[in-house]
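Asks: Protein sequence lines correspond, in order, to chains A and B.
The numbering of the first sequence is my numbering, which starts it at 1 and goes up by one.
The numbering of the second sequence is my numbering, which starts it at 154 and goes up by one.
Here a beta-carbon is modelled for each residue, glycine too, at the ideal position from N, C-alpha and C.
Bear in mind the structure is a predicted one, so any value in this text is a computation, not a measurement.
Number of protein chains: 2
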Amino acid sequence: MNPLHLDAQLCFSLYAASRAMTAAYAPLLEPLGLTYPQYLVMLVLWETDGVPVKHLGDRLHLDSGTLTPVLKKLEAQRLVTKARDDVDARVVRISLTPAGRGLKRRAQHIPKSLACQTGLDLSAIARLREELVALTRTVREASAADLTKGSTP
Amino acid sequence: MNPLHLDAQLCFSLYAASRAMTAAYAPLLEPLGLTYPQYLVMLVLWETDGVPVKHLGDRLHLDSGTLTPVLKKLEAQRLVTKARDDVDARVVRISLTPAGRGLKRRAQHIPKSLACQTGLDLSAIARLREELVALTRTVREASAADLTKGSTP
DNA sequence: GCGCGTTCAATTGAATGCAATTCAATCGTA
DNA sequence: TACGATTGAATTGCATTCAATTGAACGCGC
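(1) Can you tell me whether residue 152 of chain A is buried or exposed, with buried defined as 16 or more other CB within 10 angstroms of its CB?
(2) Got a sec: is the Cβ-Cβ distance from residue 192 of chain B to anything in chain A below 7 angstroms?
(3) Please tell me whether residue 17 of chain A has its Cβ less than 7 angstroms away from any Cβ of chain B.
(4) If you pair each beta-carbon of the segment 37–54 of chain A with each one of the segment 77–97 of chain A, do three or more pairs fall below 8 angstroms?
(5) By the 10 Å Cβ neighbour count, where 16 or more other Cβ atoms means buried, how is residue 13 of chain A classified, buried or exposed?
(6) With a threshold of 7 angstroms between beta carbons, is residue 3 of chain A in contact with chain B?
(7) Unbroken beta strand (DSSP E) runs of length 3 or more, entirely within the segment 67–132 of chain A: which are they?
(8) What did DSSP end up calling residue 52 of chain A once you bin it into helix, strand or coil?
(9) Residues of the segment 72–89 of chain A in Cβ contact with chain B at a cutoff of 8 angstroms, in chain order, please.
(10) Return the first residue and the last residue of the alpha helix (DSSP H) that residue 173 of chain B is part of.
(11) Quick check: is the beta carbon of residue 197 of chain B nearer than 7 angstroms to any beta carbon in chain A?
(12) Is the segment 121–132 of chain A in contact with the segment 62–73 of chain A, if contact means three or more CB pairs nearer than 8 angstroms?
(13) Would you call the segment 181–193 of chain B and the segment 72–87 of chain A in contact, with 3 or more CB pairs under 8 angstroms?
(14) Tell me whether the beta-carbon of residue 3 of chain A lies closer than 7 angstroms to the beta-carbon of residue 264 of chain B.
(15) Have a look at residue 293 of chain B and residue 87 of chain A and give me their C-alpha separation to the nearest angstrom.
(16) What residues from chain A crowd round residue 272 of chain B, counting only those whose CB sits closer than 7 angstroms?
(17) Under a three-way DSSP split, which group does residue 58 of chain A fall into?
(18) Is the distance from the Cβ of residue 214 of chain B to the Cβ of residue 23 of chain A below 7 angstroms?
(19) Give the range of the alpha helix (DSSP H) segment to which residue 34 of chain A is assigned.
(20) If you measure from the beta carbon of residue 222 of chain B to each beta carbon in chain A, is any gap under 7 angstroms?
(21) Distance check for residue 273 of chain B and residue 284 of chain B, CA to CA, integer angstroms please.
(22) Evaluate residue 255 of chain B with the Cβ neighbour count: other Cβ atoms within 10 Å of its Cβ, from every protein chain shown; 16 or more gives buried, anything less gives exposed.
(23) So with CB distances below 8 angstroms, who are the chain B contacts of residue 125 of chain A?
(24) So, at 8 angstroms on beta carbons, what are the nonlocal neighbours of residue 267 of chain B in its own chain, with the 5 sequence-adjacent residues on each side left out?
(25) Which value, in whole angstroms, describes the spacing of the CA atoms of residue 271 of chain B and residue 162 of chain B?
(26) In three-state DSSP terms, what is residue 159 of chain B?
(27) Would you verify that the beta carbon of residue 298 of chain B is, or is not, closer than 7 angstroms to some beta carbon of chain A?
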């Protein structure tokens with residue numbers, strides 16, 4: 001097949017699948033007043049509260065340019081608070097408010113609901129997820145290697 | 154595993170993989186003066202020239218709100234032209250300029266280059282791509298079914 | 001103790017995505 | 001053939017995403 005054919009491209013299928021999945025989340029997140037990136041931040045905070053912005057960025061592969069406006073909106077909704085770290089004043093720690101913690105219960109049903117919409121069983125989902133995690137790591141490492149080789153000959 | 158755990162979510166792995174792949178394209182597209190969505194439009198036009206905006210939207214799962222500004226930029230770069238359809242004046246057809254057609258040659262190497270960065274062989278790429286296409290269709294159909302059921306009880 | 005490179009957030013600007021609306025043009029039908 | 005419904009693009013507004021820059025704060029080596 002022509003390698004420049006749209007249908008031959010892995011990247012486009014990823015791009016389309018990602019947007020389709022995000023669109024499927026929207027109606028479930030709307031009652032919670034969350035967008036998808038806001039939901040991702042809440043997922044991390046429900047795991048570990050009071051984390052630095054940097055930690056959120058590492059976890060979600062997002063930088064402060066993306067996270068700062070997202071966190072501002074969560075703060076405006078009184079779901080999180082921001083506070084400078086006592087030890088290192090460069091660090092801003094994000095903490096859940098009681099309302100933010102309480103929202104977790106109302107989100108419990110979302111993963112199963114989405115899993116159903118995929119039409120895949122749990123083992124197929126887990127296998128696909130692992131392939132994608134491995135792919136992401138490989139591509140990111142290849143890009144990082146390109147940078148080091150390209151700029152310092 | 155806790156279903157609300159970030160690492161358990163298929164959607165996040167898709168979201169991260171899609172962004173990682175798009176980021177890997179950027180340095181290859183930069184010499185061509187294209188962004189990733191602009192490249193996707195060019196891929197469709199290199200397949201079939203002179204198509205309506207609607208056709209691009211169907212192919213890429215994007216609406217006019219996204220495509221109009223992308224097409225304006227391609228037009229500003231003299232890679233495409235816009236023209237009203239003779240038969241149906243609602244339709245705007247997008248056509249390649251000679252420069253737009255010529256750019257195809259300089260893009261030939263990109264698919265292989267990206268394929269290498271994935272660390273997967275061609276059959277693994279094809280299989281993963283097919284899984285994602287199927288997943289996208291399933292999720293989109295489930296969302297469409299939700300809409301019809303939800304709004305007309 | 002002092003500089004100096006590094007790190008962490010925030011800011012700015014460009015480019016998407018997408019919902020909702022608008023407007024012109026077309027279509028289906030009574 | 002009028003006319004209401006539908007369609008195709010464009011526009012507007014909101015929310016990301018990312019590159020690049022800024023500015024404060026930290027830490028290492030002299």
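Replies: So, to answer that:
(1) At residue 152 of chain A, the pLDDT of 35 sits below 50, so the modelled position is not reliable; the number obtained from the coordinates is stated separately. Residue 152 of chain A comes out exposed.
(2) no
(3) yes
(4) yes
(5) buried
(6) yes
(7) 80–84 and 92–96
(8) strand
(9) none
(10) 163–182
(11) yes
(12) no
(13) no
(14) yes
(15) 48 angstroms
(16) 138
(17) helix
(18) no
(19) Element bounds for residue 34 of chain A: n/a, residue is neither H nor E.
(20) no
(21) 15 angstroms
(22) exposed
(23) 163
(24) 174, 177, 178 and 181
(25) 21 angstroms
(26) helix
(27) no
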